[in-house]
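*Asks:* Numbering (the working numbering), first residue to last: 127 to 264. The beta carbon of each residue, even a glycine, is placed where N, CA and C say it ideally should be.
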Amino acid sequence: MNNLDKAKEMLKDHSLAIVKNEKVYLSDLKGVKPLLDFLKNNVNLEGFSLADKVIGKGVAFLILKAKIKNVYTKIISKPALDLLIKNDIEVYYDLLVENIFNRTKTDLCPIEKVVLEVNDVDIAYQKIINKLIELGGN
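(1) On the DSSP bridge list, what partners appear for V223?
(2) Helix, strand or coil for L209? Go by DSSP, reduced to three states.
(3) With DSSP as the reference, please indicate the residues paired to S175 in a beta bridge.
(4) Taking contact to mean 3 or more Cβ pairs, one atom from each stretch, closer than 8 Å, check whether the segment 187 to 201 and the segment 159 to 178 are in contact.
(5) Quick check on the DSSP output: the alpha helix (DSSP H) that includes M136 runs from which residue to which?
(6) Would you call the segment 231 to 238 and the segment 212 to 221 in contact, with 3 or more CB pairs under 8 Å?
(7) Can you tell me whether I255 is helix, strand or coil according to DSSP?
(8) In chain order, what residues of the same chain have a beta carbon less than 7 Å from the beta carbon of V244, not counting five sequence neighbours either side?
Spelled out as structure tokens, the structure:
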């Protein structure tokens with residue numbers, strides 16, 4: 127079983143799984159928080175495989191920042207898919223959607239919204255952090 131298959135298998139019990147050989151990182155947090163926490167704690171994820179339940183453009187930017195090798199997700203937004211493919215990340219998914227919506231389905235996800243027009247990883251990273259602070263989630 128390759129790293130991505132292992133990560134995908136672990137997704138059954140967690141919201142995020144990141145795997146490279148014997149190293150495994152798991153989280154049950156939702157949204158951008160799990161991957162952002164790994165980045166903030168300087169966890170080296172370069173070359174790892176990631177499985178996540180939902181990937182919007184915010185998470186896609188974090189995947190690029192972490193230098194993840196390949197990803198699997200149940201749901202991915204078109205902007206996220208375009209960004210990952212453009213940056214040569216191998217992507218596997220079950221469902222492609224136009225955008226990721228907030229939890230009440232009344233508007234775009236606030237993180238997706240804040241990075242929608244961004245094209246730079248470092249700018250996106252800072253916008254994500256700022257938005258989480260504004261939302262009281264950081």
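*Replies:* In short, the structure shows the following:
(1) As DSSP reads the structure, V223 sits in a beta bridge with S203.
(2) In this structure, L209 counts as helix in the three-state DSSP scheme.
(3) S175 is bridged to V145 and N196.
(4) Taking 8 Å as the limit for Cβ pairs, the verdict is that the segment 159 to 178 does touch the segment 187 to 201.
(5) First-last of the alpha helix (DSSP H) with M136: N129 to M136.
(6) Contact between the segment 231 to 238 and the segment 212 to 221 is absent: fewer than 3 CB-CB pairs across the two stretches fall below 8 Å.
(7) Looking at I255 - three-state DSSP - the assignment turns out to be helix.
(8) Cβ within range, chain order: A250 and K253.
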